[in-house]
Amino acid sequence: MSYLVLARKWRPQIFADVVGQEAVVRTLQNALRRGRVAHAMIFSGVRGVGKTTLARIMAKALNCLNESDDKPCNVCEACREITAGSSVDLQEIDGASNRGIQEIRELKENIRFFPTKCRYKVIIIDEVHMLTTEAFNALLKTLEEPPEHVYFMFATTELHKVPITILSRCQRYELKRVSFPALVDFFAKIAAEEHVEISRRAIEMIAREADGSIRDGLSLLDQIFSFGGEQVTDEDVAQVLGLVDQRIFSNFAEALLSGDLSRSFELLEKAYTAGIDLKRFAIDLLAYLRALLVCRTSHQPETLLDVSDQELAELRELSVNYSAETLSMLFQLLFKGMSEMQYSAHPRLVLEMAFIRAAQVGKVVPASELLSRLDEMIKSGKAPVEQLVSPAESPKQSTVIVTARPQVVPAEDKQPIRGGDAPQEAEPELNGKMKRLEALVEKIADPQARSKKDVKVAEQTHAKDVRKNWDSFIGYVKERKPWMAQVLKLCENPREENGELVIRFDNPSDCTLLQKAENVKDLSVYTLDFFQKDLCIKISSRGSGGEGQGDAILDGPKEERRALANDPLVQMTIEIFGGQIGAIRTGPRFR
Ligand SMILES: [Zn+2]
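All you need for our numbering is the position in the sequence shown, starting with 1, plus 86.
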């Protein structure tokens with residue numbers, strides 16, 4: 087006896103056998119019971135989900151001679167003939183190879199005659215979207231007033247390519263991808279019926295590969311059953327599918343997340359020696375990282391992932407140890423690597439490069455969390471106080487993600503962290519700065535609280551006069567930027583005017599460097615820090631005839647991001663945690 091492929095052997099012959107299309111099946115059965123079946127219907131959905139199968143069952147149900155409600159009976163003559171494919175009244179047309187107007191004319195000629203044996207003629211056109219425009223037009227008239235004895239059933243994987251004029255004359259049935267659990271159950275059932283021993287894990291690999299398509303899954307099962315015989319091992323399945331065991335991906339993710347580069351190289355070597363396709367491997371690894379990210383961020387990851395309960399538990403266990411930011415960063419880096427691989431002659435090198443970048447990510451800590459930790463440290467007197475003053479305006483609605491490696495300092499760490507040269511003896515000044523810093527941290531954490539009023543109050547408490555303290559200010563700047571102090575010495579008559587620090591130079595060339603935006607910014611930081619005043623810097627020179635470029639107005643998003651990156655608070659955070667800036671996002675969504 088010739089071998090019948092599983093997809094044909096297990097093709098559903100009655101509604102109850104259809105897998106994973108409960109809603110459509112119920113609608114069809116109700117239409118049959120109420121006698122409200124449309125004369126033209128269209129089944130759409132991805133390949134292998136049962137479009138033509140449902141059309142055939144429907145053809146049987148319409149012609150079934152059994153009087154019961156449960157049609158098709160599959161035993162009466164009409165049912166048996168259709169099942170055997172010998173009924174002359176069921177015509178199946180492949181739209182891809184019979185797409186012209188001539189075929190449609192013949193069809194129209196044919197349906198003028200009454201059915202030979204059955205009650206109705208049923209015309210099934212598969213891949214109907216392949217018909218030419220002329221063919222569709224020729225069909226239109228028939229669909230508008232179909233003969234009572236004819237039913238049209240169309241199937242398509244590309245509903246959007248079917249003209250709207252056709253669609254509007256059809257009853258539409260949209261078939262879903264078959265869910266992962268439904269596929270697993272179905273394939274397990276087939277394995278049992280075929281007396282093949284296969285693990286649940288292997289079945290899951292097949293179901294995942296089938297990607298919602300029963301027919302694809304069944305062809306894979308066919309291959310695997312003939313490869314492995316009556317006892318199929320997980321390795322057999324992995325080999326046939328060209329898959330790497332899922333466990334390798336969790337090992338990989340763990341290695342990368344813990345920054346263990348050598349382990350990830352070892353794993354890659356192992357996979358490479360085993361003969362895996364690197365591009366495929368990268369895609370699967372990326373899918374695994376996506377699963378981790380989904381697990382970390384979604385309340386119902388099971389609805390978004392094709393994984394078993396056990397795998398879901400494993401994913402959960404791994405993902406809880408990392409922030410969504412960390413996982414997302416890793417995902418992005420590997421995604422970039424994968425995209426680069428597509429065009430590279432050396433995919434392995436590209437992949438390794440991506441691993442190196444990914445292993446350096448470490449734990450990404452959201453800025454909000456850093457700020458709150460910083461706040462705690464400030465309150466307990468652990469934070470360095472140098473450079474801790476904000477420029478004129480700090481970011482209002484923004485997130486700076488600082489990536490830290492080595493990992494962030496635990497909050498309970500009793501070692502005080504100090505900026506190298508915090509003056510120990512200047513206790514009163516230190517306290518004042520500490521208070522300002524606390525206020526600053528609070529304001530950044532809560533933008534609503536950042537009002538000018540607060541700043542003014544703070545200024546009045548600790549403010550210093552510009553003229554009187556100019557020389558000490560130069561000394562203060564000298565410790566931070568010696569050249570700037572030299573330049574400042576050259577200026578004439580520095581003074582405070584209407585909230586501005588006015589600095590004039592005799593010679594324009596003296597202040598060229600100082601006028602650069604980043605230096606103006608530094609100067610405004612020093613000014614704010616030293617004079618405890620929120621002053622706008624005005625630099626002018628006799629030759630220039632006008633105002634300098636004192637106002638560091640940040641209008642573009644690029645400038646804004648640059649300013650954020652240079653924000654002293656961010657810089658200090660980087661210093662404390664030994665991190666680097668990973669991403670800066672601005673705008674209301676990231677608050
Ligand atoms: Zn029947």
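Even for Gly, the Cβ is constructed at its ideal location relative to N, Cα and C. Keep in mind the model is a prediction, meaning the values are calculated, not measured.
- Apart from the 5 residues on each side of it in sequence, Leu-574 sits with its Cβ closer than 7 Å to the Cβ of Ile-560 and Val-563 in its chain, given in chain order.
- For Met-427, the enclosing alpha helix (DSSP H) stretches over residues 410–429.
- For Leu-379, the shortest separation between its Cβ and any heavy atom of ligand 1 does not lie below 7 Å.
- Take Ile-589, set aside five residues on each side of it, and the residues of its chain with a beta-carbon closer than 6 Å to its own are Cys-577, Pro-580 and Ile-625, in chain order.
- Under the three-state reduction of DSSP output, Glu-153 falls in the coil class, being neither helix nor strand.
- Rounded to the nearest whole angstrom, the C-alpha separation of Ser-610 and His-246 is 60 Å.
- Residues close to ligand 1 by the beta carbon criterion (under 5 Å to any non-hydrogen atom) are, from first to last along the chain, Cys-150, Asn-152, Pro-158, Cys-159, Cys-162 and Cys-165.
- In this structure, Arg-120 lies away from Asp-155, with their beta-carbon atoms at least 8 Å apart.
- Val-588 is bridged by DSSP to Arg-581 and Lys-624.
- For Ser-344, there is no enclosing beta strand (DSSP E), as DSSP marks it with neither H nor E.
- In the three-state reduction of the DSSP assignment, Ile-210 falls in the strand class, which pools E and B.
- Taking the Cβ atoms as the reference, Ala-164 lies roughly 4 Å from Asn-149, within the contact range of under 8 Å.
- Judged by DSSP in its simplified three-state form, Ile-300 adopts helix.
- DSSP, read as helix, strand or coil, puts Glu-316 in coil.
- Cα atoms of Leu-599 and Tyr-612: separation of roughly 16 Å, rounded to the nearest angstrom.
- Secondary structure within the region 101–145: the beta strand (DSSP E) runs of 3 or more consecutive residues, fully enclosed, are 126–130 (chain order).
- For the set Asp-596, Asp-620 and Glu-604, the Cα lying nearest the Cα of Ser-627 is the one of Asp-596.
- Per the coordinates, the alpha-carbon of Cys-159 lies some 28 Å from the alpha-carbon of His-281.
- Taking 8 Å as the cut-off, the Cβ atoms of Gly-134 and Ala-268 do not count as close.
- When DSSP states are grouped into helix, strand and coil, Val-447 belongs to the coil group.
- One thing to note: Leu-354 has its Cβ no nearer than 8 Å to the Cβ of Ala-377.
- Sorting Gly-585, Lys-465, Thr-412 and Arg-333 by C-alpha distance to the C-alpha of Leu-371 places Arg-333 at the top.
- Straight-line measurement puts the Cα of Gln-115 at about 15 Å from the Cα of Arg-258.
- With contacts defined by Cβ atoms closer than 8 Å, Val-248 and Ile-128 form a contacting pair.
- When the Cα atoms are used, Glu-192 and Gly-186 turn out to be separated by approximately 10 Å.
- Ranking Phe-240, Ser-384, Ala-221 and Ala-109 by CA distance to the CA of Thr-138 puts Phe-240 first.
- Per the C-alpha coordinates, the member of Met-570, Thr-659 and Gln-317 positioned closest to Glu-455 is Thr-659.
- In this structure, Asn-555 is the residue among Asp-592, Asn-555, Leu-364 and Lys-356 with its C-alpha nearest to the C-alpha of Phe-617.
- From the listed residues His-235, Arg-166, Arg-566 and Thr-251, the smallest Cα separation to Phe-200 is found for His-235.
- Under a 10 Å Cβ-count criterion, Tyr-89 is classified as exposed, with fewer than 16 other Cβ atoms of the shown protein chains found around its own Cβ.
- Our two residues, Thr-243 and Ile-211, have alpha carbons roughly 12 Å apart in a direct line.
- By the neighbour-count criterion, in which 16 or more other beta carbons inside 10 Å mark a residue as buried, Lys-227 falls on the exposed side.
- DSSP assignment within the region 197–241 yields the following whole beta strand (DSSP E) runs of 3 residues or more, N-terminal first: 207–212.
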